[in-house]
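Each remark here refers to the structure printed beneath this line.
There are 2 protein chains.
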Amino acid sequence: MRIGELAARAGTTTRTLRYYEARGLLPARRTDNGYRTYDEGDLKLLRQIRTLQDFGFDLEETRPFVECLRAGHPEGDACPASLQVYRRKLDELDALIGELTAVRAQVGRQLARAESARDGLAADAAVPGGPEPVCELGGRQR
Amino acid sequence: MRIGELAARAGTTTRTLRYYEARGLLPARRTDNGYRTYDEGDLKLLRQIRTLQDFGFDLEETRPFVECLRAGHPEGDACPASLQVYRRKLDELDALIGELTAVRAQVGRQLARAESARDGLAADAAVPGGPEPVCELGGRQR
DNA sequence: CCTTGCCCTGACGCCGACGTCAAGGCTTAG
DNA sequence: CTAAGCCTTGACGTCGGCGTCAGGGCAAGG
Chain A
1 MRIGELAARA GTTTRTLRYY EARGLLPARR TDNGYRTYDE GDLKLLRQIR TLQDFGFDLE
61 ETRPFVECLR AGHPEGDACP ASLQVYRRKL DELDALIGEL TAVRAQVGRQ LARAESARDG
121 LAADAAVPGG PEPVCELGGR QR
Chain B
143 MRIGELAARA GTTTRTLRYY EARGLLPARR TDNGYRTYDE GDLKLLRQIR TLQDFGFDLE
203 ETRPFVECLR AGHPEGDACP ASLQVYRRKL DELDALIGEL TAVRAQVGRQ LARAESARDG
263 LAADAAVPGG PEPVCELGGR QR
């Protein structure tokens with residue numbers, strides 16, 4: 001099959017496939033006229049790449065899986081190098097989720113504080129100096 | 143104070159301050175010789191920006207906070223536009239954390255499956271066709 | 001006068017994963 | 001013959017938030 005068909009069957013674009021080839025991730029055979037040719041095995045490799053990409057893996061991180069499949073394994077994660085990538089990714093995800101959760105809590109507190117400050121200041125109760133200045137963002141919005 | 147001092151006091155770089163100015167976020171007055179001049183208020187604005195940046199806010203998302211401070215409010219989140227940004231960010235964070243958590247679970251399952259498959263295949267028990275192919279990644283590493 | 005240490009503008013580099021043109025070749029149907 | 005619809009390479013654009021020169025100016029101390 002040619003590049004357009006493979007791209008369509010994998011739900012991606014020809015540009016992406018040429019990019020993978022340039023990166024050495026998914027090399028292609030060529031026909032006489034220079035057209036790239038792929039087989040079902042390439043589709044499988046490609047699907048493995050896309051799945052991992054969907055999980056947020058970098059392209060380079062998919063390489064062990066692809067090489068594992070190319071080495072004849074039925075699953076891309078049958079090789080130690082792939083498992084290593086899994087474990088590293090889990091650590092990264094845990095760290096990231098932890099950070100984001102902390103940030104979420106912090107932002108949540110800020111919002112609560114700001115809202116209560118706003119409520120508390122209603123009727124200019126806590127501002128002896130007069131009414132507080134007002135944001136002038138009325139007219140045009142982006 | 144000049145740009146170098148402000149940068150140092152805020153723990154950032156002069157390049158960053160010039161960038162903020164170019165983006166219209168933190169304009170500077172100028173001395174006769176063209177040097178940028180800042181005051182304590184600018185330091186406050188800058189700290190607000192950096193804090194939000196540390197939370198993962200885009201530069202554009204900090205703008206309402208900066209304008210709020212510039213409008214005379216003691217807090218950058220005293221304005222409705224800032225609160226809107228908070229809320230949007232919370233939604234984004236929740237969505238992102240949710241996705242990442244789902245991915246983490248999925249990757250965790252893949253790892254468990256791959257590991258158990260590996261264990262199960264120990265001693266070539268489940269491979270009638272002979273020993274499984276081995277990943278050849280030995281020689282050179284990146 | 002010269003060096004040192006600030007400051008200035010302008011402009012390219014970076015990173016990742018492609019998108020999007022440009023300019024052209026092959027093949028097949030009409 | 002020609003147009004349509006594939007394919008080719010090459011190369012620049014995108015996005016954010018700066019880093020890093022290059023080439024120069026200004027001010028103060030020795």
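Line by line, the protein sequences give chains A and B. Residue 70 in my numbering is what sits at position 70 of the first sequence, and the numbering runs on without skipping anything. Residue 178 in my numbering is what sits at position 36 of the second sequence, and the numbering runs on without skipping anything. Where is the CB? At the ideal position from N, CA and C, for every residue including glycine. These numbers come from a predicted model, not from an experiment.
Please list, in chain order, all residues of the same chain as residue 179/B whose beta carbon is under 6 Å from its beta carbon, the five residues on each side excluded.
Counted from its first residue, the second sequence places residue 179/B at position 37. Cβ neighbours of residue 179/B beyond the five flanking positions: 171 and 173.
From the beta carbon of residue 170/B, is the nearest beta carbon of chain A less than 8 Å away?
Mapped onto the second sequence, residue 170/B falls at position 28. No, its Cβ sits nowhere closer than 8 Å to a Cβ of chain A.
Under the three-state reduction of DSSP, which class applies to residue 101/A: helix, strand or coil?
The count along the first sequence starts at 1 and reaches residue 101/A at position 101. In the structure shown, residue 101/A sits in a helix (DSSP, three-state: H, G or I).
Please tell me whether residue 146/A has its Cβ less than 8 Å away from any Cβ of chain B.
Absent from the structure is residue 146/A, since the part of chain A shown begins at 1 and ends at 142.
Measure from the alpha carbon of residue 108/A to the alpha carbon of each residue in 154/B, 190/B, 225/B and 244/B, then state which is nearest.
Counting from 1 along the first sequence, the entry for residue 108/A is found at position 108. Closest option to residue 108/A, Cα to Cα, is 225/B.
Could you tell me the distance, in whole angstroms, from the CA atom of residue 247/B to the CA atom of residue 86/A?
Here residue 247/B corresponds to residue number 105 of the second sequence, with the count starting at 1. Here residue 86/A corresponds to residue number 86 of the first sequence, with the count starting at 1. Their backbone Cα atoms lie some 12 Å apart in a straight line.
Label residue 233/B either buried or exposed according to how many other C-beta atoms from any shown protein chain fall within 10 Å of its C-beta, with 16 as the threshold for buried.
The residue labelled residue 233/B in the question sits at position 91 within the second sequence. Burial call: exposed.
Is it buried or exposed for residue 206/B, if we count other Cβ within 10 angstroms and need 16 for buried?
Taking the second sequence and counting its residues from 1, the one referred to as residue 206/B is at position 64. Classification for residue 206/B: buried.
Does residue 144/B pass the burial test, meaning 16 or more other C-beta atoms within 10 Å, or should it be called exposed?
Position 2 of the second sequence, counted from the first residue, corresponds to residue 144/B. Flag for residue 144/B reads exposed.
Between residue 188/B and the rest of its own chain, which residues show a CB-CB distance below 6 Å, the 5 nearest in sequence each way excluded?
Taking the second sequence and counting its residues from 1, one reaches residue 188/B at position 46. Answer for residue 188/B: 152, listed in chain order.
Check for me: the alpha helix (DSSP H) holding residue 150/B runs from which residue to which?
In the second sequence, the residue the question calls residue 150/B occupies position 8. Run containing residue 150/B: 145 to 152, per the alpha helix (DSSP H) assignment.
What does the alpha-carbon distance come out to for the pair residue 158/B and residue 114/A?
Residue 158/B sits at position 16 when you count from the first residue of the second sequence. Residue 114/A sits at position 114 when you count from the first residue of the first sequence. For residue 158/B and residue 114/A, the distance between alpha carbons rounds to 28 Å.
Where residue 76/A and residue 150/B are concerned, what is the direct C-alpha to C-alpha distance, given to the nearest angstrom?
In the first sequence, residue 76/A corresponds to position 76, counting from 1. In the second sequence, residue 150/B corresponds to position 8, counting from 1. Answer to the nearest angstrom: the Cα atoms are 49 Å apart.
Which one of 156/B, 148/B, 260/B and 169/B has the shortest CA to CA distance from residue 73/A?
Start at 1 with the first residue of the first sequence, and residue 73/A comes out as number 73. Checked all of 156/B, 148/B, 260/B and 169/B; the closest Cα to residue 73/A is 260/B.
Name, in chain order, the residues that DSSP records as bridge partners for residue 179/B.
Against the second sequence, residue 179/B aligns to sequence position 37. Its beta-bridge partners are 144/B and 171/B.
For the alpha helix (DSSP H) that residue 22/A lies in, which residues bound it at each end?
Start at 1 with the first residue of the first sequence, and residue 22/A comes out as number 22. 14 to 22 is the extent of the alpha helix (DSSP H) around residue 22/A.
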